[in-house]
Amino acid sequence: MVKVQNIAVLTSGGDSPGMNACIRAVVRSCVYHKLNAFGVVDGFNGLINDNLIPMGYDDVSNILQRGGTILGTARCKEFHDPAFRKTAFENLKKRNIDGLVIIGGDGSFKGAAIFSEEYNIPVIGIPGSIDNDISGTDYSIGFDTAMNTIIHAVDNIRDTASSHHRVFLVEVMGNNSGVLALNTAVSSGAEEVFMPEKKEDLLEIKEKIDRAVHANKSSIIIVSEGDQVGGAKEVFNYLQEFGLADKLRVSILGHIQRGGSPSYLDRLYATLFGEQAVACLIQGRSNLMIGVLDGQVVVSDISVSQKPYEIKNMHYLKLIRKLSVY
Ligand code: F6P
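When we follow my numbering, the leftmost residue of the sequence shown carries the number 291, and every step to the right adds one.
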């Protein structure tokens with residue numbers, strides 16, 4: 291087994307709170323084991339453009355509590371092209387980099403796994419995405435902070451909703467996954483949730499809102515940006531045809547969901563995952579994803595992340611309904 295000596299770390303895809311804490315854990319673990327650490331700027335773009343910076347102990351001081359990613363991130367289309375991956379490899383080879391840690395989502399892991407196979411470079415994936423929709427792990431870095439940001443925003447909306455006896459359609463992120471929406475709905479006491487994994491009975495929902503409006507009650511409806519109707523504005527357009535527009539308001543939370551200082555949970559998992567990734571590379575292991583299952587940090591083959599993600603707690607839907615009957 292050839293001993294790993296130079297490890298590069300990059301963040302890829304949408305940023306998420308806790309990515310900095312994870313970069314810190316990777317770099318500090320390298321320092322501890324007397325390995326050289328490099329930060330790759332702007333995700334896979336940095337590999338292609340040869341934008342790598344040596345990182346030491348001080349470079350990751352005072353970043354654990356900061357949102358975003360100090361390395362910058364991107365969704366890199368070029369990395370799908372074998373010619374650009376070759377350039378990326380040559381840039382790694384120049385510096386004798388013999389281990390790569392990718393903090394990102396399943397799309398980033400797919401590219402990383404292909405790269406690893408093509409050039410025999412050890413790769414470890416760390417799930418980082420507010421969407422928390424990666425197969426093989428119960429948790430991805432950023433989810434808890436995003437959830438806290440969202441429920442605080444919904445709390446604020448509820449204040450004004452109840453004062454005006456209005457119904458709010460609150461749109462949350464999540465891309466093609468309803469994880470954020472479903473968990474928001476339960477933990478903010480919403481009356482209804484729209485999400486990609488669920489076919490909506492629009493007439494039934496219209497009647498529910500009608501009842502709320504006639505009873506002069508406020509309601510919160512969480513709409514996932516990827517839901518089957520097409521987002522909160524589309525749901526609004528449908529409902530306004532029934533003369534409900536006066537009592538309805540739309541609030542799209544947008545990118546505030548992705549920012550902010552990481553929560554306790556995000557700092558914890560980011561740190562555990564980062565340390566574990568370096569430990570795996572030191573053991574000569576590759577093509578793995580670090581994750582958490584049933585509360586335990588686990589290491590799986592990175593290919594598990596490519597399976598379609600299935601929401602484990604769809605039964606929350608019944609609970610949301612049960613608790614909103616009056
Ligand atoms: O994957 C994270 C995420 O925030 C999704 O929830 C959302 O659909 C997407 O990124 C937005 O990406 P961008 O910032 O590129 O518009």
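Ideal Cβ positions, reconstructed from N, Cα and C, are used throughout, including at glycine.
The count of Cβ pairs closer than 8 Å, one atom from the region 398-407 and one from the region 439-456, stays below three, leaving the stretches out of contact. Relative to I411, the option among I431, Y429, R548 and R385 whose CA is nearest is R385.
As far as DSSP is concerned, V476 takes part in no beta bridge. DSSP places L534 outside both helix and strand once states are collapsed to three, so it counts as coil. Taking 8 Å as the cut-off, the C-beta of I420 counts as close to a heavy atom of ligand 1. By DSSP's assignment, G389 forms a beta bridge with I297. Rounded to whole angstroms, C570 and L607 show a C-alpha spacing of 39 Å. In the displayed model, V587 falls within a strand according to three-state DSSP.
Remark: C-beta atoms of I414 and G395 do not approach each other more closely than 9 Å. In the DSSP annotation of this structure, the continuous segment of the beta strand (DSSP E) that includes G415 starts and ends at V413 to P417.
N352 counts as exposed, since fewer than 16 other beta carbons sit within 10 angstroms of its beta carbon. Counting C-beta atoms within 10 angstroms of its own C-beta, E407 has fewer than 16 neighbours from the protein chains shown and is therefore classed as exposed. In this structure, the CA atom of V582 is about 5 Å from the CA atom of V588. Taking 8 Å as the upper bound for CB-CB distance, F334 and I431 are not in contact here, some 18 Å apart.
With a cut-off of 8 Å on Cβ pairs, the region 553-563 is in contact with the region 309-319, counting three or more such pairs.
Using a cutoff of 8 Å, the CB of L534 does not count as near ligand 1, since none of the ligand's heavy atoms is closer than that.
Between I393 and I360, the gap from beta carbon to beta carbon reaches 9 Å or more. Relative to ligand 1, the beta carbon of N473 is positioned no closer than 8 Å to any heavy atom. Here the C-alpha atom of Y599 lies approximately 23 Å from the C-alpha atom of S576.
Around the beta carbon of E494, fewer than 16 other beta carbons sit within 10 angstroms, so the residue counts as exposed. In the assembly as shown, E531 is an exposed residue. Its beta-carbon has fewer than 16 other beta-carbons within 10 Å.
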